[in-house]
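Structure, as structure tokens:
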Amino acid sequence: MVKLTVDFIAKGTSGYAKKKKDETITQYVGRLTHLYLENKNIDDIGDGLASCRNLAVLYLYDNQLNRIPCLNSNCGITHLYLQNNKISIIENLSTLPQLQKLYIGGNFIRVMEGLENLQKLQELHIEHQHLPLGEQLLFDPRSLKALESSLQVLNVSGNHLTSIDDLRQLPHLTHLMAADNELTDMKELGQLLSIWHALVRLDLAGNPLCQSPKYKDRIIVKGKNLDVLDGKKITDTARQFLMNWQASRDESRRRQHDNMMRDDTFLSTTVGYEGAELPPLRSATKGLRNINGYVMPGIPRKQFDDILAKSNFPDRERSRNDILRAKFGDGRILRMEIPGSAPISRIPRPLSVERMRLTHSAQRRRL
Numbered sequence: 001m002v003k004l005t006v007d008f009i010a011k012g013t014s015g016y017a018k019k020k021k022d023e024t025i026t027q028y029v030g031r032l033t034h035l036y037l038e039n040k041n042i043d044d045i046g047d048g049l050a051s052c053r054n055l056a057v058l059y060l061y062d063n064q065l066n067r068i069p070c071l072n073s074n075c076g077i078t079h080l081y082l083q084n085n086k087i088s089i090i091e092n093l094s095t096l097p098q099l100q101k102l103y104i105g106g107n108f109i110r111v112m113e114g115l116e117n118l119q120k121l122q123e124l125h126i127e128h129q130h131l132p133l134g135e136q137l138l139f140d141p142r143s144l145k146a147l148e149s150s151l152q153v154l155n156v157s158g159n160h161l162t163s164i165d166d167l168r169q170l171p172h173l174t175h176l177m178a179a180d181n182e183l184t185d186m187k188e189l190g191q192l193l194s195i196w197h198a199l200v201r202l203d204l205a206g207n208p209l210c211q212s213p214k215y216k217d218r219i220i221v222k223g224k225n226l227d228v229l230d231g232k233k234i235t236d237t238a239r240q241f242l243m244n245w246q247a248s249r250d251e252s253r254r255r256q257h258d259n260m261m262r263d264d265t266f267l268s269t270t271v272g273y274e275g276a277e278l279p280p281l282r283s284a285t286k287g288l289r290n291i292n293g294y295v296m297p298g299i300p301r302k303q304f305d306d307i308l309a310k311s312n313f314p315d316r317e318r319s320r321n322d323i324l325r326a327k328f329g330d331g332r333i334l335r336m337e338i339p340g341s342a343p344i345s346r347i348p349r350p351l352s353v354e355r356m357r358l359t360h361s362a363q364r365r366r367l
């Protein structure tokens, strides 16, 4: 294991800032802005960075750090790289108000927290944490609230996430990487895309929802400003085609809804007639529109007589004269009536409406 010292720092520079002959090591380290200490097997920072007061970019990835070092003397840091260490808690960052980019993926962090004072943070990379079986990365609402107006790029890939609804507090995201999780809810994603108006890049590859029918089409329609989806650029032609398709689909649904509403209105107005007499039908016979009663389409006189002849009435003459009353016109039955004295069991249905007594002689005269 390696402990960070001033001499070790001096040897770990990139060579762009060379030590002058007349300056001490402390002076030399004090004017460094970039420090490259990645993959040095470092497990303890100590006070080794206290002399680096002009430090802006610090590379500490691929080491053995168990915690984020205390950087009280390096408040000017804007970029911090801590990937692939053994860090389990996000801490000691409140002294870095100028921090713009934080790379902390590949550690053992369970909760995204401790970011309340990073008002200028634009990028957060917290992907692929080594989480216990069955757990997923959690988001502290206080940290999300603090990053609401500044965070633009977020990488939460590979953290077993089943939902990203908490991220609705980040309306200014332009690039979201959430690949290799367990996201399944297309409806939730659609709602978030309606909030993220600035989102231009989205990566969801490796999630179950990618197997949903028309997955890419639905996302392109919802994310109107997306330029890249899962690493592939969205062409203007494809976007316009899908927008037209969605507009046509919405119009079809609107018409279907209107038709259903009209049907519901019709049913609600006719349900009151159940078990009661139906309202008069409007006859196609021009000369009988003002006559009350039901209008039955006419049938030939001979056909009507044949129907009565086949009936079960014991007295055919009575069935013609008393039980069935008919009005004839142009040789056709226009209206039929059943007197109130007729037995219910012998009444064919449906027939009657208007009381008219016509004898056989009167019927013959009309014919």
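For reference, each letter of the sequence shown is one residue, going 1 to 367 in my numbering.
C-beta: ideal position from N, C-alpha, C; glycine also.
From the DSSP output, read off the bridge partner residues of residue i.
{"i": "Val-228", "result": "Arg-201 and Lys-233"}
{"i": "Ile-126", "result": "Looking at the DSSP assignment, Ile-126 forms no beta bridge with any residue, so it has no partner."}
{"i": "Val-153", "result": "Glu-123 and His-175"}
{"i": "Ile-42", "result": "Val-2"}
{"i": "Tyr-215", "result": "BP columns for Tyr-215 are empty, so no partner."}
{"i": "Tyr-103", "result": "Tyr-81 and His-125"}
Does DSSP classify residue i as helix, strand or coil?
{"i": "Val-221", "result": "helix"}
{"i": "Met-1", "result": "coil"}
{"i": "Lys-20", "result": "coil"}
{"i": "Ser-345", "result": "Note that Ser-345 scores 48 on pLDDT, short of 50, meaning its location in the model is unreliable; the coordinates nonetheless yield the value given after this. Helix."}
{"i": "Leu-167", "result": "helix"}
{"i": "Phe-139", "result": "strand"}
{"i": "Pro-132", "result": "coil"}
{"i": "Asp-180", "result": "coil"}
{"i": "Leu-173", "result": "coil"}
{"i": "His-257", "result": "helix"}
{"i": "Leu-115", "result": "coil"}
{"i": "Leu-147", "result": "coil"}
{"i": "Leu-378", "result": "There is no way to answer for residue 378, as the model of the chain reaches only from 1 to 367."}
{"i": "Leu-35", "result": "strand"}
{"i": "Asn-159", "result": "coil"}
How about residue i and residue j: do their beta carbons lie closer than 8 Å?
{"i": "Ile-104", "j": "Leu-82", "result": "yes"}
{"i": "Leu-193", "j": "Lys-216", "result": "no"}
{"i": "Glu-188", "j": "Pro-208", "result": "no"}
{"i": "Ser-163", "j": "Met-186", "result": "no"}
{"i": "Cys-70", "j": "Gln-98", "result": "no"}
{"i": "Asn-66", "j": "Arg-31", "result": "no"}
{"i": "Tyr-28", "j": "Ala-10", "result": "yes"}
{"i": "Val-156", "j": "Met-177", "result": "yes"}
{"i": "Gly-369", "j": "Leu-93", "result": "Lying before the first or after the last residue shown, residue 369 is absent from the chain, which here runs from 1 to 367."}
{"i": "Ile-90", "j": "Ile-68", "result": "yes"}
Is residue i near the ligand GTP, judged by its Cβ being under 7 Å from some heavy atom?
{"i": "Glu-148", "result": "Although the ligand GTP was asked about, the structure shown includes no ligands whatsoever."}
* Asked: Which whole runs of the beta strand (DSSP E) in the region 46-101 are 3 residues long or more, in chain order?
  -> Those beta strand (DSSP E) runs which fall completely within the region 46-101 and span 3+ residues are 57-59 and 79-81.
* To do: Examine the Cβ distances between the region 164-177 and the region 138-145 and report whether three or more of them are shorter than 8 Å.
  => Contact holds: three or more Cβ-Cβ distances are below 8 Å.
* Asked: For the region 84-93 against the region 131-139, are there 3 or more C-beta pairs whose distance is under 8 Å?
  -> No contact exists between the region 84-93 and the region 131-139.
* Per the contact definition of three or more C-beta pairs closer than 8 Å, is the region 62-71 in contact with the region 30-48? -> The region 30-48 and the region 62-71 touch, with no fewer than 3 CB-CB distances between them shorter than 8 Å.
* Asked: Would you call the region 151-158 and the region 122-136 touching, i.e. three or more CB-CB distances under 8 Å?
  -> Segments in contact, yes.
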